[in-house]
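Worksheet for the structure shown next.
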Amino acid sequence: MLSILWWIIVGLIAGWITGKLMKGSGYGPVMDIIVGIVGAIIGGFIMRALGFTGRGGMIYTIVIAVLGAVILTFLIRLISSKKA
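In structure tokens, the structure reads:
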């Protein structure tokens, strides 16, 4: 149960930071959490592919989640702008 709460907290922080970095208002609290969690998964995958280990504290986890969330948000905006 504690790990689920951890993912939600990291997702919320990463989603909020990503909303500020990407010059947007975010997607709302629930979608910010989802973007942050998916971003953490994407960031973790990228870091493992580059050979970095997953050993880090809270700051490392949030930075990696923000990195992945920024990439995810960029891709979402790229795809949605082509539809418009």
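Going letter by letter, the sequence shown gives residues 1312 to 1395 in my numbering.
Beta carbons are placed, not taken as given, at the ideal position from N, Cα and C, and that holds for glycine.
Computed from a prediction, not measured in an experiment: that's the story for all the values here.
| Check | Outcome |
| --- | --- |
| Near alanine 1325, which residues of its chain fall below 7 angstroms by C-beta distance, leaving aside the five closest residues on each side in sequence? | Gly1347, Gly1350, Ala1351, Ile1373, Ala1376, Val1377 and Ala1380 |
| Could you tell me the distance, in whole angstroms, from the CA atom of leucine 1313 to the CA atom of isoleucine 1387? | 30 angstroms |
| Taking all protein chains shown into account, do 16 or more other C-beta atoms lie within 10 angstroms of the C-beta of leucine 1383, making it buried, or fewer, making it exposed? | buried |
| By alpha-carbon positions, which one of Ile1328, Gly1355, Leu1323 and Ile1353 ends up nearest to methionine 1342? | Leu1323 |
| Could you check the C-alpha separation between proline 1340 and phenylalanine 1363 for me, to the nearest Å? | 30 angstroms |
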